[in-house]
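In full-length UniProt numbering, the protein residues as written are 1 to 464.
No residue lacks a Cβ here, since even glycine has one placed at the ideal position from N, Cα and C.
Inspection log for the structure reproduced underneath, given as structure tokens.
Next comes the structure, spelled out in structure tokens:
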């Protein structure tokens, strides 16, 4: 029996594709939400990458301080041409530790000497200085991370603000396009009424001028929209982007005032940075206070030397290149900076002044941000109050314009009254859009002060 492959599944697939194409626009698949834009800006903006690199460099300082616990091991080789007198006593500083050399009578004749040494130094005990140094670098690293967060927050705020601005401009363009349509209709109606002898011919000229004026205003708004899109490209650090999925519901919904008890200003990166700065100076002060503590070092060396003169005074210059004596040693060194008390006190006073300065800046930043939070909360409430009143003005202006349109056709009002009503309708439409926009901007500013835009994103992306 031969089975034929059914064509029904293919037809169903085509039907489903057609249905989906009718439901979902093609470019909807490539639309980018506000959250997408914020992630793109965080990933691409050069200033953020620069701050992150600075933080990585600061993190390396922590590792360097921790590695100071490891011993140092240096190898050095010296070759000299000097007088006979204890020739191997001559070593260049920093590499070899001479242990012995051949005795010699006063003899200023030159000969050759050489030496090679392996020197180890270890400072396992620092009386807490190393710990303070590590804490200092950790606090500086935390400060750098806070500055990275602040840069990200700043750029994302600008992107979100531009997002609202672009959405507002697009709404204004729609309003002004309707205004152009109204002027076009008024011009045609005026010509009809003029031909019927019901209106003076000057009305046609005036409506024509208003039409041209409204088109010019529309073109200016489109130019503004292009400028805003270019600014957005700059913050996204790329030349083009997919169509942005704007939340048009922001013009029919208002944000909710956040509970002030839920706002934690300690999340603000500037406050975090100032706290880390204060902690860094506290650690540095503790480190400086311990400068007068004894320095304990463990030393070890193995050493070989060659001399062109032996212990009997015999000279053989070529022996200066050969290693003839080998020694080793290990020991403990304790040093105390007796004469540095005056400079230590000065350094301590300097660090205390730095700490007081950091504490004062921290208080100032905390006060400024607290005041901004209070101000933005008040601004949001005022914006919400305005947004509750503006719709009444818009609906009244809309009704008045419709009524005056009829009265104009009946000859009860002239051109001036109709155009004044049309202008008030356009302005009330713009005020209505701006009222909603300003409320969302106020919420965005509160999120900026808190240091986390999630407060704003959660509301704008979950509108009913």
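Buried or exposed: which applies to residue i, given that a residue is buried once 16 or more other Cβ atoms fall within 10 Å of its Cβ?
i, result
"residue 113", "buried"
"residue 331", "exposed"
"residue 334", "exposed"
"residue 446", "buried"
"residue 363", "exposed"
"residue 515", "In this structure the chain extends from 1 to 464, so residue 515 is not present and cannot be described."
"residue 77", "exposed"
"residue 450", "buried"
"residue 147", "buried"
"residue 303", "buried"
"residue 159", "buried"
"residue 68", "exposed"
"residue 48", "buried"
"residue 337", "exposed"
"residue 256", "exposed"
"residue 346", "exposed"
"residue 402", "exposed"
"residue 444", "buried"
"residue 459", "buried"
"residue 174", "exposed"
"residue 203", "buried"
"residue 50", "exposed"
"residue 238", "exposed"
"residue 111", "buried"
"residue 134", "buried"
"residue 145", "buried"
"residue 461", "exposed"
"residue 132", "buried"
"residue 284", "buried"
"residue 37", "buried"
"residue 377", "buried"
"residue 168", "buried"
"residue 341", "exposed"
"residue 75", "exposed"
"residue 417", "exposed"
"residue 282", "buried"
"residue 232", "buried"
"residue 197", "exposed"
"residue 301", "buried"
"residue 87", "The predicted position of residue 87 is uncertain, since its pLDDT is 49 and thus under 50; no value can be drawn from it."
So, under 8 Å CB-CB, residue i and residue j are touching, yes? Tell me the CB distance rounded to an integer number of Å.
i, j, result
"residue 369", "residue 448", "Contact doesn't hold; Cβ gap of about 10 Å is too wide."
"residue 218", "residue 180", "6 Å"
"residue 41", "residue 236", "5 Å"
"residue 120", "residue 73", "5 Å"
"residue 150", "residue 273", "7 Å"
"residue 296", "residue 123", "7 Å"
"residue 244", "residue 31", "7 Å"
"residue 427", "residue 358", "That belief does not hold up - the Cβ atoms of residue 427 and residue 358 are roughly 51 Å apart, past 8 Å."
"residue 379", "residue 421", "About 32 Å separates the two Cβ atoms, so there is no contact after all."
"residue 190", "residue 178", "Wrong, their Cβ atoms sit about 18 Å apart, outside the cutoff."
"residue 129", "residue 348", "Between residue 348 and residue 129 the Cβ distance is about 14 Å, and since that is not below 8 Å, they are no contact."
"residue 425", "residue 389", "17 Å between Cβ atoms; not a contact."
"residue 453", "residue 258", "Residue 453 to residue 258, Cβ: 13 Å. No contact."
"residue 457", "residue 201", "At roughly 57 Å, the Cβ-Cβ gap does not stay under 8 Å, so residue 457 and residue 201 are not in contact."
"residue 322", "residue 306", "5 Å"
"residue 176", "residue 212", "About 13 Å separates the two Cβ atoms, so there is no contact after all."
"residue 308", "residue 317", "4 Å"
Which one or two residues does DSSP pair with residue i in a beta bridge?
i, result
"residue 192", "For residue 192, which the question treats as bridged, DSSP gives no partner whatsoever."
"residue 315", "309"
"residue 81", "112"
"residue 32", "244"
"residue 327", "303"
"residue 121", "72, 299"
"residue 332", "298"
Do we get a CB-CB distance below 7 Å when we pair residue i with the residues of chain B?
i, result
"residue 139", "The structure shown has no chain B; it contains just one protein chain."
If we require 4 or more residues per run, which alpha helix (DSSP H) segments fall completely within the stretch 249-294?
269-289
Within 8 Å, do at least three Cβ pairs link the stretch 378-386 to the stretch 151-170?
no
Would you check if there are 3 or more beta carbon pairs closer than 8 Å linking the stretch 411-421 to the stretch 353-365?
Between the stretch 411-421 and the stretch 353-365, the count of Cβ pairs shorter than 8 Å is below three; the stretches do not touch.
Decide if the stretch 431-439 is in contact with the stretch 225-242; the criterion is three or more beta carbon pairs, one per stretch, under 8 Å apart.
Between the stretch 431-439 and the stretch 225-242 there are fewer than three inter-stretch CB-CB distances shorter than 8 Å, so the stretches are not counted as touching.
Give a yes or no on contact between the stretch 139-155 and the stretch 48-61, applying the rule of three or more CB pairs nearer than 8 Å.
yes
Cβ pair count under 8 Å reaching 3, the stretch 180-191 against the stretch 205-216
yes
So, does the stretch 423-435 touch the stretch 388-398, judging by three or more C-beta pairs under 8 Å?
yes
In the stretch 202-242, which residue ranges form an unbroken alpha helix (DSSP H) of at least 4 residues, counting only runs that do not cross its ends?
If only uninterrupted alpha helix (DSSP H) runs of at least 4 residues are considered, those enclosed by the stretch 202-242 are 202-236.
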